[in-house]
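Asker: Here it is: the structure, laid out below.
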Amino acid sequence: MDKIVALCKRRGFIFPGSEIYGGLAGTWDYGPLGVLLKRNIKEEWWKSMVGFRDDVVGIDAAIMMNPVTWQKSGHVDAFTDPLVECKTCHQRFRADKEDEIKAHEKTHKGKTQWTPPKKFNLLVKAYLGIVEGKQSEIYLRGEITQGAFVNFENVVSSTRVKIPFGIAQIGKAFRNEITPGNFTYRSREFEQMELEFFIKPDDKEGDKWFEYWKVRRMDWYISLGMDAKNLRFRKHEESERAHYAKYAEDIEYNAPFGWSEFEGIHHRGDWDLSRHSLSYVDENGEKFTPWTIEASGGVDRSALFFLLNAYAEDNGRVFLKLHPKLAPYKTAVFPLLANKPELVNKAKGIYDSLKPHFMTAWDARGNIGKRYFAQDEAGTPFCITVDFQTMEDDTVTVRDRDSAKQERIKIDKLKDYILSKIS
Ligand code: ATP
Numbered sequence: 219m220d221k222i223v224a225l226c227k228r229r230g231f232i233f234p235g236s237e238i239y240g241g242l243a244g245t246w247d248y249g250p251l252g253v254l255l256k257r258n259i260k261e262e263w264w265k266s267m268v269g270f271r272d273d274v275v276g277i278d279a280a281i282m283m284n285p286v287t288w289q290k291s292g293h294v295d296a297f298t299d300p301l302v303e304c305k306t307c308h309q310r311f312r313a314d315k316e317d318e319i320k321a322h323e324k325t326h327k328g329k330t331q332w333t334p335p336k337k338f339n340l341l342v343k344a345y346l347g348i349v350e351g352k353q354s355e356i357y358l359r360g361e362i363t364q365g366a367f368v369n370f371e372n373v374v375s376s377t378r379v380k381i382p383f384g385i386a387q388i389g390k391a392f393r394n395e396i397t398p399g400n401f402t403y404r405s406r407e408f409e410q411m412e413l414e415f416f417i418k419p420d421d422k423e424g425d426k427w428f429e430y431w432k433v434r435r436m437d438w439y440i441s442l443g444m445d446a447k448n449l450r451f452r453k454h455e456e457s458e459r460a461h462y463a464k465y466a467e468d469i470e471y472n473a474p475f476g477w478s479e480f481e482g483i484h485h486r487g488d489w490d491l492s493r494h495s496l497s498y499v500d501e502n503g504e505k506f507t508p509w510t511i512e513a514s515g516g517v518d519r520s521a522l523f524f525l526l527n528a529y530a531e532d533n534g535r536v537f538l539k540l541h542p543k544l545a546p547y548k549t550a551v552f553p554l555l556a557n558k559p560e561l562v563n564k565a566k567g568i569y570d571s572l573k574p575h576f577m578t579a580w581d582a583r584g585n586i587g588k589r590y591f592a593q594d595e596a597g598t599p600f601c602i603t604v605d606f607q608t609m610e611d612d613t614v615t616v617r618d619r620d621s622a623k624q625e626r627i628k629i630d631k632l633k634d635y636i637l638s639k640i641s
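By the count of my numbering, the sequence shown reaches residue 641 at its end, each step adding exactly one.
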């Protein structure tokens, strides 16, 4: 974990939020490489959940919502974690996180006294309004989900969707987490990618679609390179299920800090639509309240686990074996020597010709070994070098990140060669 945190900082994946002012607990800023990684994850998610399907449409709802939404959804009353405070040092913890509780008890040599658990609401409050003293209190959304529910009727009436169908969305959510930590894993501001899939209120349908989305979502992570042996499903116990869930299973990753949820598949029943008094009329005129199967993934947690999964060391060489679809840069182009104008010009020409097609980096600093080193740590799958032979036969070397092997490829075949490897 320490190695990934250091690499993320060094290479520009992830920085502590507002670091020059001492940071702000639970916030993170994505740097030049991190923003590309995150965009690629979101792009792949969107393609698989919306682009390739004809039964799912997307929306992008506002972060600030009428606060009645959160009363109806149950979050004002029930979106809570159990909070306990150490009577000695007044640090606060989640009573249901046994490992953190035990670790803290150790620091007081087992003599910790805790306050009784009290319910702590995770919704982040904000104040909206221009007249001082007359602002209205609102919440920053605690989950992006409610945006899909409050727009249910708008989507049904403005598109041709028919049950079963889904509403997909990606966006920021905010939670006043009691103990943010494990790098970006538990943040107070984070991004979710979610599908709300509406079905007939029928047990068989519920079981079928729950199973369907479980499998689809797990397969998606594996298709983008996550090692299946580091992934598992975990069923929620009745006692830990969220207030809206009929039943739920998490997709967990075997992280250095233990098996950890990064996507939840939830059977929300008719909880939300009925709380918002929304219903659906089918083609036979039958009116009912659909059930919802939800697949709720975290963009930041996925990014962290894709990074952990990709981290590799080989004889002192560090590289990120990110799936090419997720890698921030697909290629990097170098002139072998930066002080030979003919090599630099030739390499620049290649760089300019590839840039419109995929993210291509340029590097002419230091020696070639250092440049490979930097691109390996950035997870760039292919490095293209213009050398003296290029000037004779119009070929370049293409070095594969994972094997460190090089091939010579004709410049006019280069774009198609790279495209065939990254798509
Ligand atoms: P946890 O039990 O870890 O607090 P949760 O069960 O409350 O998570 P959900 O409400 O199911 O999480 O949210 C769906 C997804 O949103 C999670 O699987 C996770 O990927 C992401 N997520 C939730 N809380 C956070 C957070 N504090 N920081 C980063 N991502 C989060």
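We put the CB at the ideal spot given by N, CA and C, even for glycine. Being a predicted model, the structure only gives us computed values, none of them experimental.
Relative to the alpha-carbon of SER641, which residue among LEU242, TRP332, LYS265 and GLY482 has its alpha-carbon at the smallest distance?
Answerer: Counted from its first residue, the sequence shown places residue 641 at position 423. Considering only LEU242, TRP332, LYS265 and GLY482, the residue with the shortest C-alpha distance to SER641 is LYS265.
Asker: Give a yes or no on contact between the region 243–258 and the region 396–415, applying the rule of three or more CB pairs nearer than 8 Å.
Answerer: yes
Asker: Quick check: the Cα distance between PHE383 and PHE416, rounded to an integer number of angstroms?
Answerer: On the sequence shown, position 165 is the one that residue 383 refers to. On the sequence shown, position 198 is the one that residue 416 refers to. Approximately 5 Å, taken between the alpha carbons.
Asker: Does TRP288 pass the burial test, meaning 16 or more other C-beta atoms within 10 Å, or should it be called exposed?
Answerer: Residue mapping note: residue 288 aligns to position 70 of the sequence shown, counting from 1. So TRP288 counts as buried.
Asker: Can at least three beta-carbon pairs, one atom from the region 561–572 and one from the region 516–528, be found at a separation below 8 Å?
Answerer: no
Asker: Would you report the Cα separation of GLY230 and HIS326, rounded to the nearest angstrom?
Answerer: In the sequence shown, the residue the question calls residue 230 occupies position 12. In the sequence shown, the residue the question calls residue 326 occupies position 108. So the alpha carbons of these two residues sit roughly 38 Å apart.
Asker: What does HIS454 pair with, by DSSP beta-bridge criteria?
Answerer: The residue given as residue 454 occupies position 236 in the sequence shown. According to DSSP, HIS454 bridges with nothing at all.
Asker: Identify every residue that forms a DSSP beta bridge with LYS343.
Answerer: Working through the sequence shown from its first residue, we reach residue 343 at position 125. TYR357, per the DSSP bridge assignment.
Asker: What residue range does the alpha helix (DSSP H) around TYR569 cover?
Answerer: To locate residue 569, count along the sequence shown from 1; it is residue 351. Segment 559–572, the alpha helix (DSSP H) holding TYR569.
Asker: Is ASN258 helix, strand or coil when you go by DSSP?
Answerer: On the sequence shown, residue 258 is found 40 positions in, with the first residue counted as 1. Helix at ASN258.
Asker: Can you tell which of HIS485, LEU442 and LYS539 has the C-alpha that lies nearest to the C-alpha of TYR430?
Answerer: Position 212 of the sequence shown, counted from the first residue, corresponds to residue 430. Of HIS485, LEU442 and LYS539, the residue nearest in Cα terms is HIS485.
Asker: Indicate, with yes or no, if the ligand ATP has a heavy atom lying under 7 Å from the CB of SER441.
Answerer: The residue labelled residue 441 in the question sits at position 223 within the sequence shown. Result no, Cβ not under 7 Å from the ligand ATP.
Asker: Spatial neighbours of LEU449 within its chain, please: C-beta separation below 8 Å, excluding the five flanking residues on both sides.
Answerer: The residue given as residue 449 occupies position 231 in the sequence shown. Correct list, in chain order: MET436, TYR439, ILE440, ILE469, GLU470, TYR471 and ASN472.
Asker: Does the distance from the CB of MET267 to the CB of VAL274 come in under 8 Å?
Answerer: Counting from one through the sequence shown, the residue named residue 267 turns up at place 49. Counting from one through the sequence shown, the residue named residue 274 turns up at place 56. Result yes, Cβ atoms of MET267 and VAL274 sit closer than 8 Å.
Asker: Which word fits GLN364, buried or exposed, when buried means at least 16 other C-beta atoms lie within 10 angstroms of its C-beta?
Answerer: Your numbering for residue 364 matches position 146 in the sequence shown. By the neighbour-count rule (16 or more Cβ atoms within 10 Å), GLN364 is buried.
Asker: When DSSP labels each residue in this structure, what does ARG378 get in the three-state scheme?
Answerer: Counting from one through the sequence shown, the residue named residue 378 turns up at place 160. Coil, per DSSP.
Asker: What are the boundary residues of the alpha helix (DSSP H) that GLU318 is part of?
Answerer: The sequence position of residue 318 within the sequence shown is 100, counting from 1. Per DSSP, GLU318 belongs to the alpha helix (DSSP H) from 316–325.
Asker: Given this structure, state the Cα-to-Cα distance separating PRO234 from ASP421, to the nearest angstrom.
Answerer: Within the sequence shown, numbered from 1, the residue matching residue 234 stands at position 16. Within the sequence shown, numbered from 1, the residue matching residue 421 stands at position 203. Taking the straight line joining both Cα atoms gives about 46 Å.
Asker: For PRO250, name the three-state secondary structure that DSSP assigns.
Answerer: Here residue 250 refers to the residue found at position 32 of the sequence shown. The answer is helix: DSSP assigns PRO250 an H, G or I state.
Asker: Can you name the start and end residues of the beta strand (DSSP E) that PHE311 belongs to?
Answerer: Residue numbering aside, residue 311 sits at position 93 when the sequence shown is read from its first letter. Where PHE311 is concerned, the enclosing beta strand (DSSP E) stretches over 310–312.
Asker: Near VAL562, what residues of its chain come up, given a Cβ to Cβ distance below 6 Å and the 5 sequence neighbours on each side ignored?
Answerer: Along the sequence shown, read from residue 1 onward, the residue named residue 562 stands at position 344. Excluding positions up to five away in sequence, the list reads PRO553.
Asker: Just verifying my parser: in three-state terms, what is the DSSP assignment at LYS633?
Answerer: Taking the sequence shown and counting its residues from 1, the one referred to as residue 633 is at position 415. Three-state result, LYS633: helix.
Asker: Taking all protein chains shown into account, decide if TRP477 is buried (16 or more other Cβ within 10 angstroms of its Cβ) or exposed.
Answerer: Counted from its first residue, the sequence shown places residue 477 at position 259. Result: exposed.
Asker: In the structure shown, what three-state DSSP assignment does GLN331 receive?
Answerer: As a working note, residue 331 is residue 113 in the sequence shown. It is coil, neither helix nor strand.
Asker: State the start and end residues of the unbroken alpha helix (DSSP H) segment that holds VAL286.
Answerer: As a first step, residue 286 is located in the sequence shown; it is residue number 68 there, counting from the start. For VAL286, the enclosing alpha helix (DSSP H) has its first and last residue at 286–290.
Asker: Are the beta-carbon atoms belonging to GLU262 and LEU522 less than 8 Å from one another?
Answerer: Position 44 of the sequence shown, counting from 1, holds the residue named residue 262. Position 304 of the sequence shown, counting from 1, holds the residue named residue 522. No; because the gap between Cβ atoms is not below 8 Å, this pair is not in contact.
Asker: Would you call the region 500–507 and the region 350–369 touching, i.e. three or more CB-CB distances under 8 Å?
Answerer: no
Asker: Would the region 368–385 and the region 493–500 be scored as touching if the rule is three or more Cβ pairs under 8 Å?
Answerer: Contact holds: three or more Cβ-Cβ distances are below 8 Å.
Asker: Is ASP518 near the ligand ATP - that is, is its Cβ less than 7 Å away from at least one heavy atom of it?
Answerer: Your numbering for residue 518 matches position 300 in the sequence shown. Yes; taking the cut-off as 7 Å, the Cβ of ASP518 has a heavy atom of the ligand ATP nearer than that.
Asker: Measure the alpha-carbon distance for LYS227 versus GLY389 and round it to whole angstroms.
Answerer: Counted from its first residue, the sequence shown places residue 227 at position 9. Counted from its first residue, the sequence shown places residue 389 at position 171. Near 24 Å, if we compare the C-alpha coordinates of GLY389 and LYS227.
Asker: Between the Cα of TYR590 and those of ASN527, SER291, ILE627 and THR615, spot the shortest distance and give me the residue it belongs to.
Answerer: Taking the sequence shown and counting its residues from 1, one reaches residue 590 at position 372. Of the listed residues, the one whose Cα sits closest to TYR590 is THR615.
Asker: Can you say whether TYR248 is buried or exposed, counting buried as having 16 or more other CB atoms within 10 angstroms of its CB?
Answerer: By one-based count along the sequence shown, residue 248 stands at place 30. The residue in question, TYR248, is buried, as its Cβ has 16 or more Cβ neighbours within 10 Å.
Asker: Is it true that the region 359–373 meets the region 278–285, where meeting means three or more beta-carbon pairs spaced less than 8 Å apart?
Answerer: yes
Asker: From the DSSP secondary-structure annotation, give me the bridge partner or partners of ASP618.
Answerer: In the sequence shown, residue 618 corresponds to position 400, counting from 1. PHE600, per the DSSP bridge assignment.
Asker: So, for ALA296: in the same chain, excluding its five sequence neighbours on each side, which residues have a beta-carbon less than 7 Å away from its beta-carbon?
Answerer: Here residue 296 corresponds to residue number 78 of the sequence shown, with the count starting at 1. A distance below 7 Å between beta-carbons, with the five flanking residues on each side excluded, links ALA296 to the following residues of its chain, in chain order: HIS461.
Asker: Measure the C-alpha to C-alpha separation of GLU407 and ILE222 and round it to an integer number of angstroms.
Answerer: Taking the first residue of the sequence shown as 1, we reach residue 407 at position 189. Taking the first residue of the sequence shown as 1, we reach residue 222 at position 4. So the two alpha carbons sit approximately 20 Å from each other.
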